[in-house]
């Protein structure tokens, strides 16, 4: 079966670094100039033609090696074929290379995919990528996506498009599907790139293997749902008919997610009735999506009704959901009536919300025609469905989120006594119960569940153990966490991953054990586990909080040298925090300058750390300079999403930052600046802490300007400051010159 068809358009001159097509295929003649024949001809070759160097007469040894390699591949002896390829000093024929990449990709193991990628790297370096056909590259893209190398897979598909090839729909849709959860915007972009290229062909038979199918549309619609992009969802949904694709039950399952993202709980029953109305083949996934949606809305009561109705063998779920929505609709009407009495300054915002709701209604009316003309009576499910373990577990997650541990355990007990084996608890169910106990701080009960899993031979996985590790660390029981780590590796045979060690490093921070955090970090690397961004920043946090900024800086420098990790603003902020905790303001300012040079601009957390450092160092003058910078950032206008702009983005200060600045200015008797900061707080809807500021003023400045021995020159110099002090007292509600009254601070009696 062909997996790709070449495109008639020329290849682009710019390609992603993951794969550069250095010698694209010769472009085919346009269909209009091709000769007619009795059979519909496909004028495109799916395999790249060899270069001139490949036409030269090979040596006998090279020929024998290629024949042996091809024979091994035909016998499906991929491992032996890989060994022969690795030992051969020359490149095999295009047929052998393409088949080897295809078979390695088809195995879909981490090792085999890595081997296939090394072949791509070698061919790229030797400028021989044209030796591979589109089938093999498409299979590698699909395998890479499924193994988690999504960006690499995406670059392969884009490179094929730029080289004049159209990958098979099974290949490119697998990448779109994976991107829909990891990078929804990139998923939509890749889908549009492929379909835009397919539309250029006048003869649909030429691109039959590459055009979108229902699965591809479901993948990109899932990306739209994850983004909450209703307009794009509608546009793609309407396009399905153009490509001869009919929505299936998975399409409407994704639509349930879209309704949830749009905060339209009232439409869930409409989607369910639409599925029944169209006679689409039903599946349990739809019912699971409904339960998950209601759990996401924190409507556990309706979720319970769905599960209970399924347990009772009822098929009138639509009636149950209509009745459940009735109270919500009544409440919504009451809210609308109440909105008529809103204040004038809130009406503009209400009108915007109303306009947005009307736009949403238009979209959903097109997606769900039965929303306009619903059936007079609730529809019935085609048959009765019993809840499975996945549905029970989803409900249990809702109980766990709400802190209802007892209900979580009761649901587990109910699952155990079900006759249907599909309803029996699995490792996900037990892990949910463990999470509920850990969240409630009941570690002994959580360990009992783990022991029961071992007894009934339901194997715990790495996620289960990581949840328990986190529970022990949160309760500062690091010794028990270490013991569990040993049991995890030795008894259960589960190798700890980077998440496990990140949890332990963070646990050491909670008990102020930076040395222990470093031990776990080094142990993780000794075991061949690659540190992540979180690993580095957590270790930096350990040193920063323990007053060792130089060690935090060393970790940061190592992070910069690690090509597998991209330094982010969190890491820079942690470095700033380390110096500011010791009052090393100048060192912190140097770090911030380095940040700006690397196009990382300080945010609220950065400035908050710097303000705290200024307070520790008792340098109020620095606060005035910082206040000026923050004011400039607050007054900046949003320039749009331009990542290449050299201007820092606008800043929206929070309560902690402004309160700390006002505190420093007030203690230093910078009354005018303190009033400016207070005004900024009120502009941003932050209520100033008058009680705190009043106490500071009374304790520190109540006797200011009361000296009877001050010279006239000194009085003249302090007129402006006294005027600012009187204004601040006026704002605080203390007696001041504006009231024309005198006041005197009397210290408390001892």
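Numbering (my numbering), first residue to last: 1 to 750.
Where is the CB? At the ideal position from N, CA and C, for every residue including glycine.
Burial of residue 103 is indicated by the presence of at least 16 other C-beta atoms within 10 angstroms of its C-beta. Around the C-beta of residue 109, fewer than 16 other C-beta atoms lie within 10 Å, and the residue is accordingly described as exposed.
Counting along the chain, residue 601 sits inside no beta strand (DSSP E), nor does DSSP assign it H or E at all. Across the structure, residue 661 and residue 677 are spaced so that their CA atoms are roughly 7 Å apart. Taking C-beta separations shorter than 6 Å and ignoring five residues to either side along the sequence, the partners of residue 84 in its chain run 69, following chain order. Distance from the CA atom of residue 459 to the CA atom of residue 625, rounded to whole angstroms, is 59 Å.
In the three-state reduction of the DSSP assignment, residue 513 falls in the coil class. Taking each of 659, 699, 67, 162 in turn and checking the Cα distance to residue 687, the smallest one comes out for 659.
Closest in C-alpha terms to residue 374, from the list 272, 545, 408, comes 272. Annotation: residue 149 to residue 182 spans about 11 Å, alpha carbon to alpha carbon.
Classified as buried, residue 398 has 16 or more neighbouring CB atoms from the shown chains inside 10 Å of its CB. Judged by DSSP secondary structure, residue 618 falls outside any alpha helix (DSSP H); it is assigned neither H nor E.
Judged by their CB atoms, residue 180 and residue 219 are nearer to each other than the 8 Å cut-off. In this structure, 453 is the residue among 420, 406, 453 with its C-alpha nearest to the C-alpha of residue 428. Contact between residue 176 and residue 144 does not hold, since the beta-carbon distance rounds to 13 Å and is not under 8 Å. Spanning the alpha carbons of residue 404 and residue 444 requires a straight line of approximately 17 Å. Excluding the 5 residues flanking it on each side, residue 101 has same chain C-beta neighbours closer than 8 Å at 116, 119, 120, 132, 136, 137, 139, 140, in chain order. For residue 256, the uninterrupted alpha helix (DSSP H) run begins and ends at 249–261, by DSSP. About 6 Å separates the beta carbons of residue 258 and residue 233, which is inside the 8 Å limit, making them a contact pair.
In this structure, the alpha-carbon of residue 193 lies about 19 Å from that of residue 203. In chain order, 572 place their CB closer than 6 Å to the CB of residue 595, counting only its own chain and leaving out the 5 sequence neighbours on each side. For residue 66, same chain residues with a beta-carbon under 8 Å away, outside a window of 5 residues either side, are 58, 92, 93, 96 in chain order. Below 8 Å, too few C-beta pairs join the segment 237–256 and the segment 300–313 to call them touching: fewer than three. Counted as a single uninterrupted DSSP element, the alpha helix (DSSP H) harbouring residue 294 occupies residues 284–296. At the C-beta level, residue 313 and residue 262 stay beyond 8 Å of one another. Between residue 531 and residue 565, the C-beta gap is smaller than 8 Å, which places the two residues in contact. Contact between residue 360 and residue 230 is confirmed by a C-beta separation of about 6 Å, below the 8 Å threshold. Distance between residue 293 and residue 195, taken at the CA atoms: about 31 Å.
Assignment of residue 477 by DSSP, reduced to helix, strand and coil, places it in the coil class. CA-to-CA, the gap between residue 221 and residue 251 works out to about 8 Å.
Leaving aside the five residues that flank residue 198 on each side, the residues in its chain whose CB is nearer than 7 Å to its CB run, in chain order, 166, 207, 210, 211. Here residue 160 is buried. Its C-beta has 16 or more other C-beta atoms within 10 Å. In this structure, residue 283 lies near residue 249, with their beta-carbon atoms less than 8 Å apart. Spanning the alpha carbons of residue 513 and residue 541 requires a straight line of approximately 11 Å. DSSP places residue 280 in the coil class of the three-state scheme, outside both helix and strand. Under the three-state reduction of DSSP output, residue 729 falls in the helix class.
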